[in-house]
Amino acid sequence: QPWFGPEHSLRQDPTLTQEFVEPSVVAGLMGLEFVTAYSTPSARWVNFEADRTQSMPIEGYDRLLPGHFVNEGDGSKPFEGSDIGYRVSKGLDTMIVELRAGGKVEDTAVVSLRPIIDKLLSRYDSLMTKGVPPEVMTASASAPKFRVKVCIRDLNLDRRQQPVAVTSYSLVMLYARTERGL
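Under the working numbering, residues 2 to 183 are what the sequence shown spells out, in order.
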């Protein structure tokens, strides 16, 4: 490890004999991005999973809609929360997010997931990939009364169709009312 210099060690604690620094940290020291391809390419399926050890900046957002799952079977069912809701397109690649108050829709924003899909396929090809930087799996939109950021945690695609079809994904949604919408 002499190429890292004296200030860096590949061991987390020099007194331990087997605890090494995570491979992503070592790759980062060399200026590289570290992801894990955990399967060979499939003619049909491809899956991308965001790195769950990395945090993302949330400035500008003050609300969180945690842990939602969207799939082909229930893609047409809208989610109608008290202050936020969404519907997804038939192909699951577009979300219509609704700012809600008193059971009524105040404003809508359209979030396209297709740029995320295209970026992932061009960057990682068809490998089943874990550890994708979270910002690569994020899409944002704004409307006059609010802004929204959709953070995809894992994404499943079917390569048999063109364009590649979305079969399911899980997400976390950040949102905030804007000054104009208060």
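Heads up, the beta-carbon is just placed ideally off N, CA and C, and yes, glycines get one too.
Since this is a predicted model, take the numbers as computed values, not measurements.
Through-space distance from residue j to residue i, alpha-carbon basis
| i | j | result |
| --- | --- | --- |
| proline 164 | glutamate 20 | 44 Å |
| arginine 115 | serine 141 | 12 Å |
| aspartate 63 | aspartate 126 | 35 Å |
| leucine 121 | methionine 57 | 18 Å |
| valine 98 | aspartate 159 | 24 Å |
| threonine 54 | methionine 96 | 26 Å |
| leucine 65 | proline 134 | 20 Å |
| phenylalanine 49 | cysteine 152 | 13 Å |
| glutamine 2 | glycine 132 | In this prediction, glutamine 2 scores a pLDDT of 47, lower than 50, which makes its location untrustworthy; no coordinate-derived value is stated. |
| aspartate 108 | valine 89 | 16 Å |
| alanine 102 | glycine 29 | 45 Å |
Integer Cβ distance of residue i from residue j, believed to fall under 8 Å
| i | j | result |
| --- | --- | --- |
| valine 173 | proline 67 | 6 Å |
| valine 235 | tyrosine 170 | The chain is shown from 2 up to 183; residue 235 falls before or after that span and cannot be answered. |
| arginine 178 | lysine 150 | Rounded, the Cβ-Cβ distance is 14 Å, inconsistent with contact. |
| glycine 61 | arginine 148 | 7 Å |
| alanine 110 | alanine 144 | 4 Å |
Buried versus exposed call for residue i [16 or more other C-beta atoms within 10 Å across all chains shown]
| i | result |
| --- | --- |
| isoleucine 59 | exposed |
| glutamate 34 | exposed |
| leucine 156 | buried |
| leucine 93 | buried |
| glycine 104 | exposed |
| valine 112 | buried |
From the options, residue whose alpha carbon lies closest to that of residue i
| i | options | result |
| --- | --- | --- |
| threonine 139 | Thr109, Ser25, Asp52 and Gly32 | Asp52 |
| glutamine 162 | Pro24, Trp46 and Ser141 | Trp46 |
| leucine 100 | Asp84, Val167 and Leu158 | Asp84 |
| aspartate 119 | Val137, Lys105, Ile97 and Glu107 | Val137 |
| arginine 154 | Val106, Arg124 and Ile117 | Ile117 |
| glycine 86 | Gly29, His69 and Glu73 | His69 |
Residues that DSSP places opposite residue i in a beta bridge
| i | result |
| --- | --- |
| glycine 86 | Glu81 and Glu99 |
| tyrosine 176 | Arg64 and Val149 |
| alanine 110 | Val98 |
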